[in-house]
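Data first, discussion second: the structure below is written as C-alpha cells.
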Amino acid sequence: MEEKKTDWKSMLGLALIFGIVVFMLFRNQEDQQETEDASQTSEVVSNSNQPVTLNDTALTPGGSKGEVLEFNNNLVDFKINTKGALIDEALLKSFKTYDSLPVYLVKGGDHQFDLEFMTKDGRKVHTKDMVFTPKTSQNGANKVLSLTASPASGAFIEFRYELQPDDYMMDFNIRSQGLAQVANTSEEVALNWELQAYRRSKSITTESRYTEIKFEYDGGSDDYTGQGENADEEAEDITYIAYKEHFFSSILLTDTPFKSGVLESYNNTSEDDEQNELTKKFTSKVQLDYSGGELAYNMDWYFGPTDFEILDGYDRNLDEVVDLGWGIFGFINEWAIRPLFTFLSSSDGLGIPYGLAIILLTICVRLVLSPVLYKSYLTQAKMKILRPELNRIAEKYKDNAMKKQQETMKVQSEAGASPLSGCLPALLQMPVFFALFKFFPTAFELRQKSFLWADDLSSYDVIYQFPEGFKIPFYGDHVSLFPILASISIFFYMKMTTGQNMQAAQQPGMPNMKFIMYLSPLFMLVFFNKYASGLSLYYFISNLITIGIMLVIKHVIIDKDKVLAKIEKAKAKPKKKKGRFASKMSEIMEQAQAQQEEQKKGKK
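Below, the structure written as C-alpha cells:
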C-alpha cells in the first residue's frame, strides 16, 4: 500500500478559510448591533412616548456638594461650584463694609440659580441637582470656564462663563444639545434666581430704603418693585433684572428677552432690632423658550457697585438702576447736578475733596437760581417794611374782612410786593430741592468719604452715641451735628421770611405761621438725623447763603424810605381805569362783601 503523507498546503488552506469565516461572522454581528442601536435611537427621536432614560449619575439632589472652582479677575473673586454650575461667592476686591469687612455680593448658601424643565414622562429636572464637568481655557486675555452636564445619553447642558481682566461684567451663556431627546419642549423652562441681601452700611434703615429690584422690560421700559414687607411685579419681555442693594448690585442681563416673569422682594429689616444684618431677600422666576428644541441664551452677569458712571458706560440702560428720581427730578440730576458734581470732585475735573465739592455745588446751584429767587427775596423784604401799614389797615377794617383784603392787596400792589410774585419763584426751585434730596443718598462717590467730623457723607454723622439699648422714638440712638446746624439755619430763615406775615397769619382761617416756623426745623432735626450727612451739609450751606442774600437785600438794596414814598405817591395819583381782569375781581369782591353785609343784617 502506498503510505499517506500529510498535505500541509491543504491544512494551511483550510485554516485560512476557517479564519476568514470566523472574521466574517464577527463582522456581521457588529454590523447587526450598530443597526439595532441606530434603530433604537431613531425610534426614541420619532416616538415621544418612549423617553430616553435620565442619567442618574448626573443628578444628585441633596447629595454631593460638588467641587468649588476659583474664577477671578482684578476686580472680583468668584467661586463657582460644579454642582449646579452655581456662583457660590462673589467678592468685590476694592470695597469694604462700614465696619471694614469684605463686601460679598454672593456668599455661601444665600444664592440660588436653577433651570427647571419637564421631561417627556412628566418629571421635573433641576440643573441645581446636576454635577457639571468643568473645563478652563483662555480667549485672548479673557478667562473662560465651561461647565457641562449630561442629563441623558447624547444630551448635555453647558453653562459658560467668560471674564475680562478689568470688568465687573461677566459673559454668561446657556446652551444645550440633544436636550429634545429627554425634555418636553412644548413646556417652557423656568429660570429661578434667588439672592439674600446683607447690610453693608451704617444705617440699615437707609440701606433697606434703597434696596429693591429694578428691571427692564417691553423693549426698554424700566420699573421697580418698590418698598414694603412683600413687593412684587409681573412683566413680559424682560431684558435685565437688577438686585440693587443700595450701593452694590447683582444684575442678570439677556440678549434674548425672557418671555415673562414674576419678581419679588421680601423685607427682612427688623424694626425691633431682633436682627440687623439682613435687609431683603430677592426672588425671580422667569420663563425661557426653546429654540429648535434647544436652549440658547447669551446673557451677562454684573456684580459690582451701583455707580452711575460705571453702569452708564455699558450702554444697556443700566443707569436706571441708580435712583435719581422720576420725571423732572431725574432729568435735573442726570443732566445738571451729577455732571457738575463730577466735574468738581473727580480727578478729571477740579478734583477737590468731596465735602468742599458739596459746598461749591451749593454755591453754584444758588447762583443759577438767583435770578429766579431774587424776586422772592425782594418781595419778602418789602413785606417787612409794609408791616406797619398792613397792621394799620387790619385795625381799621377789623370788622370788615373783605374791605381789609382789598386795601391790603392795594398797598402790596403799589409797593410792588405782591405775595404771588414772591411765592412763584419759590415754587420754581422745588424741583431742584427734590432732585438734590434724591442725589445725595444715592451718589456712590460719597460712600465712605469723610469731611470734618463726618466719616461717611453718604450716611449720618455721629457726635454722640447713646448708651446701648437706649433709643429716642423717631429720632434714633445717636446725635448728628449736621442736621442740628441745618435745623438752626432753617429756623432763622423761617423767622426772616414769615415774621412779617405772622400777625396776619393768626387770623381765623389762616395757617398758624408761628407753628410752621417751629415745625419745619423740628422736622428736619428728627428726619435728617438718620439721613446722609452730605444732604444736611448742603441744606445748611444753602440756608446760610439764602440768609446772607436776604440780609444784603434788606440792608443794601432796599431803601425803606423809597418804598414808603412810592406808596404815598401812588395814593396821590388819580386812579387809573382798571383792566378787565382787575375790574372783574373787584366786582366779585364787592358782591361778596354785599352778601356778607346782608347776612349780618339778617342775623340781627
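Residue numbers for the sequence shown follow the UniProt record's numbering, beginning at 1 and rising by one. In this text, a Cβ means the ideal position worked out from N, Cα and C, and glycines have one as well.
Simplified DSSP state of P134, which is helix, strand or coil = strand
Taking A190 as the reference, give the member of M409, P134, S284, F215 with the closest Cα.
-> S284
Ranges of the beta strand (DSSP E) found wholly within the segment 67-150, counting only runs of at least 3 | If we require 3 residues or more, the beta strand (DSSP E) runs fully inside the segment 67-150 come out as 68-72, 76-81, 86-96, 102-106, 111-118, 124-126, 133-139.
Own chain, CB closer than 8 Å to K135, minus 5 neighbours either side, in chain order = L145, S146, L147, T148
Could you give the residue range of the alpha helix (DSSP H) that holds K396?
-> 387-396
Selection from M169, V365, E187 that minimises the alpha carbon distance to S250 = M169
Give the DSSP bridge partners of M550, in chain order.
-> Bridge partners of M550: none, in fact.
Drop a sphere of 10 angstroms on the beta-carbon of F303, count the other beta-carbons inside from all chains shown, and report buried for 16 or more, exposed for fewer.
-> buried
Who are T256's beta bridge partners in DSSP?
-> Answer is none; T256 lacks a bridge partner.
Secondary structure, beta strand (DSSP E): runs of 3+ residues fully inside the segment 433-471 = none
Let me know the secondary structure DSSP gives L367 once reduced to three states.
-> helix
Pull up the distance between the alpha-carbon of P353 and that of S370, whole angstroms please.
-> 25 Å
Are three or more beta carbon pairs between the segment 171-178 and the segment 284-301 nearer than 8 Å?
-> yes
Which value, in whole angstroms, describes the spacing of the CA atoms of G84 and D114?
-> 7 Å
Helix, strand or coil at A532 [DSSP, three-state] | coil
Could you round the C-beta distance between F440 and R338 to whole angstroms and report it? I think they count as a contact, below 8 Å.
-> Between R338 and F440 the Cβ distance is about 11 Å, and since that is not below 8 Å, they are no contact.
Taking three-plus beta-carbon pairs below 8 Å as touching, is the segment 325-341 in contact with the segment 261-269?
-> In the pairwise beta carbon analysis, the segment 325-341 is classified as not touching the segment 261-269: fewer than three pairs are separated by under 8 Å.
Determine the extent of the beta strand (DSSP E) in which I213 is found, giving its start and end residues.
-> Segment 211-217, the beta strand (DSSP E) holding I213.
Cβ-based neighbour list, G534, same chain, cut-off 6 Å, excluding 5 preceding and 5 following = I358, F440, L446, L457
Ignore the nearest five residues each way along the sequence and tell me which others in N72's own chain have a CB closer than 7 Å to its CB.
-> F78
Opposing strand residues paired with M169 [DSSP bridges] = Y302
Environment of P165 [buried if 16+ CB atoms lie within 10 Å] | Exposed.
Mind checking M550: buried by the 16 CB within 10 Å criterion, or exposed?
-> buried
Using only alpha-carbon positions, find the residue among N184, S201, F215, E89 that is nearest to Q448.
-> S201
Mark S221 as exposed unless 16 or more other C-beta atoms lie within 10 angstroms of its C-beta, in which case mark it buried.
-> exposed
R338 in three-state terms, based on DSSP = helix
What are the boundary residues of the beta strand (DSSP E) that F474 is part of?
-> It is not in any beta strand (DSSP E) - F474 carries neither H nor E in the DSSP assignment.
Proximal residues to A235 (C-beta, below 8 Å), its chain only, five neighbours per side dropped = F215, Y217, D218, D223, S260, G261, L263
Quick one, are the C-beta atoms of L75 and Y198 less than 8 Å apart?
-> It is not a contact, given that the beta carbons lie outside the stated cut-off.
Measuring alpha carbon to alpha carbon, tell me which of E229, T225, T239, Q138 ends up nearest V286.
-> T239
D312 beta carbon less than 8 Å from that of F444 | no
Alpha carbon to alpha carbon, what distance is there between Q227 and H246?
-> Straight-line Cα distance between these residues: approximately 13 Å.
In whole angstroms, what separates the C-alpha of H111 from that of Y210?
-> 20 Å
Look at P467 and F491 and say whether their C-beta atoms are less than 8 Å apart.
-> In this structure, F491 does not lie closer than 8 Å to P467 by Cβ.
Separation of K281 from E212, as counted between CA atoms | 9 Å
Rounded C-alpha distance that separates V103 from I488 | So the alpha carbons of these two residues sit roughly 38 Å apart.
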